[in-house]
Amino acid sequence: MSKKRMIKVWDPFVRLFHWSLVGAFAICWMTEDEWMDLHVYAGYTVAVLLLIRIVWGVIGTRYARFSDFVKSPGKVMAYLKDLLSFKAKRFIGHNPAGGAMIVMLMFGLLLTVLTGMLAYGAEGLGPLAEPLFSNRPYGGELYEEIHEVFANTTLLLIAVHLTGVLVGSLLHQENLVRSMITGTKRG
103 MSKKRMIKVW
113 DPFVRLFHWS
123 LVGAFAICWM
133 TEDEWMDLHV
143 YAGYTVAVLL
153 LIRIVWGVIG
163 TRYARFSDFV
173 KSPGKVMAYL
183 KDLLSFKAKR
193 FIGHNPAGGA
203 MIVMLMFGLL
213 LTVLTGMLAY
223 GAEGLGPLAE
233 PLFSNRPYGG
243 ELYEEIHEVF
253 ANTTLLLIAV
263 HLTGVLVGSL
273 LHQENLVRSM
283 ITGTKRG
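So that you can map any letter, position 90 of the sequence shown is 192 in the working numbering, and since no number is skipped, the others follow by simple counting.
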């Protein structure tokens with residue numbers, strides 16, 4: 103039996119970013135009502151990770167670049183149609199639906215972080231307290247509610263992402279979780 107050639111797809115930064123983001127978001131989720139300091143620091147960690155990932159999406163390695171996996175809505179829909187008929191093409195990097203999911207997750211996380219910072223600032227805490235709320239101390243509860251909506255929406259997106267990883271792994275007979283750990287995929 104011949105051994106399949108493995109190729110390097112996910113660079114160390116992408117893998118470290120991914121699993122650090124998983125950990126930071128999980129900490130945020132588990133500490134939403136308790137341990138507010140930990141919740142806030144984990145939220146800041148998410149913010150820093152996202153900012154660095156945005157830069158890496160422009161200057162990073164081939165499969166890390168947005169230009170490699172952000173596709174038009176038409177290509178995403180065509181891929182999803184093929185997926186429903188079990189004819190979806192295998193991609194070495196992210197498939198069009200996976201690319202769209204990354205954009206949605208990053209956008210959802212950014213909105214979650216920003217509304218969290220606004221909620222924290224409305225309480226007179228954090229970097230936004232002084233510039234935004236020094237003369238108008240209101241809106242904290244509203245920002246908290248909006249923050250929770252974005253956090254729950256992001257959690258829903260994570261569930262869809264995990265479902266996509268499972269479907270892709272089964273359809274193409276490859277362990278996509280392992281590839282995000284090792285950085286390699288079948289060539």
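For each residue, glycine too, the CB sits at the ideal point set by N, CA and C.
### Query
If you drop the 5 nearest sequence neighbours on each side, which residues of the same chain put their C-beta closer than 8 Å to that of Pro114?
Closer than 8 Å at Cβ, skipping near neighbours: Gly285.
### Query
Cα-Cα, which of Lys106, Gly159 and Val111 is closest to Leu278?
Per the Cα distances, Val111.
### Task
Using only alpha-carbon positions, find the residue among Val269, Glu276 and Leu211 that is nearest to Asp184.
Closest option to Asp184, judged by alpha-carbon separation, among Val269, Glu276 and Leu211: Val269.
### Query
Just to confirm, are Leu182 and Ala199 a CB contact at a threshold of 8 Å?
Yes, the pair counts as a contact, with Cβ atoms nearer than the cut-off.
### Query
Met103: buried (16+ other C-beta within 10 angstroms of its C-beta) or exposed?
Reliability fails at Met103, whose pLDDT of 42 lies under 50, so the model's placement of it is uncertain and the value that follows must be treated cautiously. Classification of Met103: exposed, given that the 10 Å Cβ count is below 16.
### Task
Inspect the beta-carbon positions of Asp170 and Gly195 and report whether they are closer than 8 Å.
With contacts defined as CB atoms closer than 8 Å, Asp170 and Gly195 qualify as a contacting pair.
### Query
Tyr222 and Val142: beta carbons closer than 8 Å?
Cβ atoms of Tyr222 and Val142: closer than 8 Å.
### Query
Excluding the five sequence neighbours on either side, which residues of its own chain have a C-beta within less than 7 Å of the C-beta of Gly266, listed in chain order?
Counting only Cβ-Cβ distances below 7 Å, and skipping sequence neighbours, we find Ala199, Gly200 and Met203.
### Task
Could you name the residues of the same chain whose beta carbon sits closer than 8 Å to that of Ile260, not counting the 5 residues immediately before and after it, in chain order?
Hits under 8 Å: Phe127 and Leu207.
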